[in-house]
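Novice: Structure in structure tokens, see below.
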Amino acid sequence: MSEASTRGQDDGGEEVREVVRGLEERGTDVVRVVYPDLIGADRGRDILVGQLPGACEHGLTFCRAVYHTTPRGDVVPVAGGLDAGLPDICVHPDLRTLQPLPWEPGVSWCLGDTIDPRTGRPAPESPRALLRRVLERTAEYTGGAGLTPVVGPELEYFLCDADPAAPTGWTPYGGATGNVYSAGRRGDPDGHLLRTLRQLADLGIGVIAGNHEFDGGQFEINLTHSEALDAADRAFRFKAAVKETARREGRLATFMAKPFNDLGGSGFHLHISLVDASGRNVFDDPGAPDGLSATARHAIAGVLAHAPALTALLNPTVNSYKRFGPDTLAPWLVDWGLDNRSAMVRIPPERGAGTRLELRLGDASANPYLMIAGAVAALLIGIRDKPEPPAPLEGYGYDESSAPRLPGTLTAALDALEADEGLTELLGAEFTGTFLTYKRNELERFQQAVTDWEFTEYAFLI
Numbered sequence: 029m030s031e032a033s034t035r036g037q038d039d040g041g042e043e044v045r046e047v048v049r050g051l052e053e054r055g056t057d058v059v060r061v062v063y064p065d066l067i068g069a070d071r072g073r074d075i076l077v078g079q080l081p082g083a084c085e086h087g088l089t090f091c092r093a094v095y096h097t098t099p100r101g102d103v104v105p106v107a108g109g110l111d112a113g114l115p116d117i118c119v120h121p122d123l124r125t126l127q128p129l130p131w132e133p134g135v136s137w138c139l140g141d142t143i144d145p146r147t148g149r150p151a152p153e154s155p156r157a158l159l160r161r162v163l164e165r166t167a168e169y170t171g172g173a174g175l176t177p178v179v180g181p182e183l184e185y186f187l188c189d190a191d192p193a194a195p196t197g198w199t200p201y202g203g204a205t206g207n208v209y210s211a212g213r214r215g216d217p218d219g220h221l222l223r224t225l226r227q228l229a230d231l232g233i234g235v236i237a238g239n240h241e242f243d244g245g246q247f248e249i250n251l252t253h254s255e256a257l258d259a260a261d262r263a264f265r266f267k268a269a270v271k272e273t274a275r276r277e278g279r280l281a282t283f284m285a286k287p288f289n290d291l292g293g294s295g296f297h298l299h300i301s302l303v304d305a306s307g308r309n310v311f312d313d314p315g316a317p318d319g320l321s322a323t324a325r326h327a328i329a330g331v332l333a334h335a336p337a338l339t340a341l342l343n344p345t346v347n348s349y350k351r352f353g354p355d356t357l358a359p360w361l362v363d364w365g366l367d368n369r370s371a372m373v374r375i376p377p378e379r380g381a382g383t384r385l386e387l388r389l390g391d392a393s394a395n396p397y398l399m400i401a402g403a404v405a406a407l408l409i410g411i412r413d414k415p416e417p418p419a420p421l422e423g424y425g426y427d428e429s430s431a432p433r434l435p436g437t438l439t440a441a442l443d444a445l446e447a448d449e450g451l452t453e454l455l456g457a458e459f460t461g462t463f464l465t466y467k468r469n470e471l472e473r474f475q476q477a478v479t480d481w482e483f484t485e486y487a488f489l490i
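So that you can map any letter, position 127 of the sequence shown is 155 in the numbering used here, and since no number is skipped, the others follow by simple counting.
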């Protein structure tokens with residue numbers, strides 16, 4: 029029995045003891061249980077393998093404020109946190125997700141599900157639980173058609189070397205530009221990509237391929253497609269693994285949207301389709317215009333209609349909006365196109381089983397669970413309400429007269445999310461309120477902070 033296929037997260041009985049015996053036989057003495065916080069960072073705990081049955085039965089206790097804690101370590105005053113006396117959540121290992129860590133001998137890691145012990149229900153802030161809730165309503169929004177969202181994640185990141193002379197202490201690894209879509213030592217002199225691909229393959233998270241991206245030190249790695257929750261799990265683990273393996277090299281891997289002024293940004297694209305109970309792709313219709321079914325057109329229209337609100341989930345930081353703009357190949361307008369990379373929604377040329385939409389809006393800092401939950405929610409609303417999309421974009425998609433602008437700041441995106449009743453109803457009022465409070469606190473802190481740009485701009489002449 030493989031670790032990845034083993035069940036038993038809830039029983040603490042013989043099945044869990046069988047897992048423990050299997051782990052011990054393979055030389056595993058520690059299980060690392062991890063789960064995503066609101067911004068998609070991995071939180072967790074290492075437990076000795078003999079303690080696994082108790083962890084499965086009772087859960088691992090954490091302070092609920094982990095969901096309300098900023099990257100600087102401050103706790104945001106969100107309802108149910110400080111005002112409630114910093115109560116607990118319990119994290120239960122999902123043994124179906126157990127995998128040995130290739131770079132940590134004797135350690136296996138698995139995902140955990142967070143439960144509110146006062147209600148016995150998933151914690152409302154849990155990104156993994158949010159995605160599950162959205163997916164559970166698929167039948168309701170699709171007329172009971174038995175459809176399943178399928179997602180293929182595609183992420184970019186920058187690898188950085190320590191540099192005491194750099195303002196931030198870090199500089200892009202490799203340095204050379206002009207190596208987009210290249211492989212080998214030309215843009216990767218230390219072989220980082222090959223090592224990372226091999227370790228990710230050993231981790232079993234469905235890596236397909238990788239290449240050097242546009243800027244020095246920037247890489248892109250694609251993951252295979254699968255059902256939406258599994259795709260989010262794998263994207264979450266991918267980001268955590270890339271960052272951890274970089275640390276082992278003494279480097280920094282960052283999924284920040286735009287970490288350097290003079291370089292481009294990093295995207296997080298989603299390839300999304302829907303399949304029926306027989307596995308048929310319902311976006312495909314050879315007899316329809318452009319080979320796209322009515323379901324596909326409605327899904328595209330749903331994503332476009334809710335794009336301003338989606339921007340808050342898919343571009344969730346102050347820094348995210350420095351990636352946008354003309355001639356960036358990051359979306360700037362609410363539009364779609366046929367095999368057009370300057371559009372927010374691109375329809376790749378494949379048809380048949382490969383018919384899909386590519387949502388290019390997100391940046392690499394997005395939480396995979398929130399990103400996929402929001403995207404799926406928007407297309408489900410479109411399928412239910414049956415709007416038609418506008419004509420597809422022709423040419424280069426940065427003409428403001430051709431389509432509405434996306435929100436240009438995090439403030440505008442959060443306001444759009446709050447105002448989008450259809451999307452927030454599907455995401456849930458409690459989650460949405462927590463997310464808005466958390467992110468508006470980020471804005472307040474940023475507005476109070478003095479940046480290097482401000483000092484350079486003003487200090488010497490004013």
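Ideal Cβ positions, reconstructed from N, Cα and C, are used throughout, including at glycine.
1. Run through DSSP, which three-state label would V310 get?
2. Using only CA atoms, which one of Y63, T176 and G450 lies nearest to I143?
3. Closer than 8 Å is the cut-off here; do at least three beta carbon pairs connect the stretch 303–319 with the stretch 427–434?
4. Here's the rule I'm using: 16 or more other beta-carbon atoms within 10 Å means buried, otherwise exposed. How should A167 be labelled?
5. Can you tell me whether DSSP reads I409 as helix, strand or coil?
6. Find out if the Cβ-Cβ distance for the pair W364, A358 is shorter than 8 Å.
7. Quick one: complete alpha helix (DSSP H) runs, 4+ long, within the stretch 102–184?
8. Using three-state DSSP, classify L489 as helix, strand or coil.
9. Mapping DSSP to helix, strand and coil, what is H95?
10. Hey, quick one: how far does the beta strand (DSSP E) through D74 stretch, first residue to last?
11. R146 to E42, Cα distance in whole Å?
12. Using 10 angstroms around the beta-carbon of T462, count the other beta-carbons present and answer buried if the total reaches 16, otherwise exposed.
13. Where does N469 fall in DSSP's three states?
14. Is it right to say S33 is buried, meaning 16 or more other beta carbons lie within 10 angstroms of its own, or is it exposed?
15. Find the nearest neighbour of P417 within the set S294, A324, R275 and I300, judged by alpha-carbon distance.
16. Taking 6 Å as the limit between beta carbons, can you name the residues of its chain near N250, skipping five residues before and five after?
17. CB V179 to CB I409, shorter than 8 Å?
18. Buried or exposed, going by whether 16 or more other CB atoms sit within 10 Å of the CB of Q475?
19. For the stretch 49–65 against the stretch 122–137, do three or more pairs of beta-carbon atoms, one drawn from each stretch, fall closer than 8 Å, so that the two count as touching?
20. From V119 to T460, what distance separates their C-alpha atoms?
21. Relative to the alpha-carbon of N309, which residue among E378, R265 and L158 has its alpha-carbon at the smallest distance?
Specialist: With the given structure in hand:
1. Stepping through the sequence shown from its first residue, residue 310 is reached at position 282. Three-state result, V310: coil.
2. The residue labelled residue 143 in the question sits at position 115 within the sequence shown. The shortest Cα separation from I143 among Y63, T176 and G450 belongs to Y63.
3. no
4. By one-based count along the sequence shown, residue 167 stands at place 139. Label assigned to A167: exposed.
5. Position 381 of the sequence shown, counted from the first residue, corresponds to residue 409. I409: helix per DSSP, three-state reduction.
6. Position 336 of the sequence shown holds residue 364. Position 330 of the sequence shown holds residue 358. Result no, Cβ atoms of W364 and A358 do not sit closer than 8 Å.
7. The qualifying runs are 155–164 and 166–169.
8. For this step, residue 489 is matched to residue 461 along the sequence shown. Of the three classes helix, strand and coil, the one that applies to L489 here is coil, per DSSP.
9. What you label residue 95 is simply residue 67 of the sequence shown in a count that begins at 1. With the sequence shown as reference, residue 95 is identified as Tyr, and His is not the correct amino acid for it. Three-state result, Y95: helix.
10. In the sequence shown, counting from the first residue as 1, residue 74 sits at position 46. Here the beta strand (DSSP E) through D74 covers D70 to L76.
11. For this step, residue 146 is matched to residue 118 along the sequence shown. For this step, residue 42 is matched to residue 14 along the sequence shown. Straight-line Cα distance between these residues: approximately 28 Å.
12. Start at 1 with the first residue of the sequence shown, and residue 462 comes out as number 434. Buried, because 16 or more other Cβ atoms sit within 10 Å of the Cβ of T462.
13. Taking the first residue of the sequence shown as position 1, residue 469 is located at position 441. It is helical.
14. Translated into positions along the sequence shown, residue 33 becomes position 5. Here S33 scores only 35 on pLDDT, less than 50, and its place in the model should not be relied on; the value that follows carries that caveat. S33 is exposed by the Cβ-count criterion.
15. As a working note, residue 417 is residue 389 in the sequence shown. When each option's Cα is compared against that of P417, the closest is A324.
16. In the sequence shown, the residue the question calls residue 250 occupies position 222. Same-chain partners within the cutoff: E182, I236 and A237.
17. Indexing the sequence shown from 1 puts residue 179 at position 151. Indexing the sequence shown from 1 puts residue 409 at position 381. No, Cβ-Cβ distance for V179 and I409 is not below 8 Å.
18. Taking the first residue of the sequence shown as position 1, residue 475 is located at position 447. Counting Cβ neighbours within 10 Å, Q475 comes out exposed, since fewer than 16 surround it.
19. yes
20. Here the question's residue 119 lines up with position 91 in the sequence shown. Here the question's residue 460 lines up with position 432 in the sequence shown. Spanning the two alpha carbons is a distance of roughly 22 Å.
21. For this step, residue 309 is matched to residue 281 along the sequence shown. For N309, the nearest C-alpha among the options comes from E378.
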